[in-house]
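Numbering (this note's numbering), first residue to last: 1329 to 1617.
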């Protein structure tokens, strides 16, 4: 057995990988037993946790692509993790304020209720604060974190399947009632939105990984992430079952589609700005010659 193997450009220690996969398998088996014999396990939380841990490892391996320290993600986590949870909770509560009677109820994150966009925003604030303290370029750090983030989102989306939530329109045509096109929830078939986004996020990871390794231009990767993720979320939000759509009070506008459109716009503006800056630099160099 080879000591190392290469996967997507990552040099992975075979022995450590096998041990890690073995431990993960044992943990899953133990949780399944607990879930069936003792008490209900939060599979959503477990999957989010796995995604978060994998994101740290992947981001660490990608940091050298922007000439940053491989251990930077282990500094970032102390700021990103708590602020992402706070941001995710604030965003959810703000969109569902009518569900809470007191501030204490709003703080009970263990009862469920987190927003992915809120988590990304909170985590971004944490990343910027940490980078400023460590005197690291935050855009360079974001470029390395973006591929890891969308990969963790691909894993976390399966938590929606575990919770039987955030599914799409009902499927009434028997010919289309099959997985992965649809998913059966409480005896009713719906569009498998969680699966669509998980696959698209995985493709996004591969795309961002390629961009990161092909260009040294700061900001291209994170701008591409915002453009790509904003687009797919805007599209998929339109397929959601009505019970999972939160609208701006007094309007027919869905909060998530509005935010997705803004995120997409920011990403596009970022890419255009980078293109213009590069064109200006090129013209200056040509004029000097």
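Ideal Cβ placement from N, Cα and C applies to all residues, glycine included.
task: State the beta-bridge partners of residue 1357 as determined by DSSP.
output: According to DSSP, residue 1357 bridges with nothing at all.
- prompt: In chain order, which continuous runs of the alpha helix (DSSP H) of length 4 or greater are located wholly inside the segment 1403-1448?
  reply: 1431-1435
query: Measuring CA to CA, which of 1515, 1500 and 1519 is closest to residue 1508?
result: 1519
field: Other residues of its chain near residue 1497: CB distance less than 7 Å, five sequence neighbours each side excluded
entry: 1518, 1519, 1567 and 1569
task: Name the two residues that bound the continuous alpha helix (DSSP H) containing residue 1542.
output: 1521-1542
query: If you check the beta carbons only, do residue 1389 and residue 1335 fall under 8 Å apart?
result: no
message: In this structure, how does DSSP classify residue 1568 when only helix, strand and coil are distinguished?
response: strand
- request: Determine the direct distance from the alpha carbon of residue 1578 to that of residue 1333, and round the result to whole angstroms.
  value: 56 Å
message: In this structure, how does DSSP classify residue 1494 when only helix, strand and coil are distinguished?
response: coil
Neighbour-count burial assignment, residue 1472, 16 or more Cβ in a 10 Å radius: buried
task: Could you pull out every residue in the same chain whose Cβ sits closer than 8 Å to the Cβ of residue 1434, ignoring the five residues on either side in sequence?
output: 1417, 1421 and 1428
- request: Return the chain-ordered list of same chain residues with a C-beta closer than 7 Å to the C-beta of residue 1602, the five sequence neighbours on each side being excluded.
  value: 1545, 1547, 1548 and 1551
- prompt: Do you know offhand how far residue 1604's Cα is from residue 1592's?
  reply: 18 Å
message: Below 8 Å on the Cβ atoms is my contact criterion, and I expect residue 1359 with residue 1374 to pass it. Report the Cβ-Cβ distance as a whole number of Å.
response: 7 Å
- request: Give the DSSP-derived three-state secondary structure of residue 1612 in the structure shown.
  value: helix
- prompt: Out of 1502, 1479 and 1363, which has the shortest C-alpha to C-alpha gap to residue 1387?
  reply: 1479
field: For residue 1515, the three-state DSSP class (helix, strand or coil)
entry: coil
Host alpha helix (DSSP H) of residue 1384 (start-end): 1371-1390
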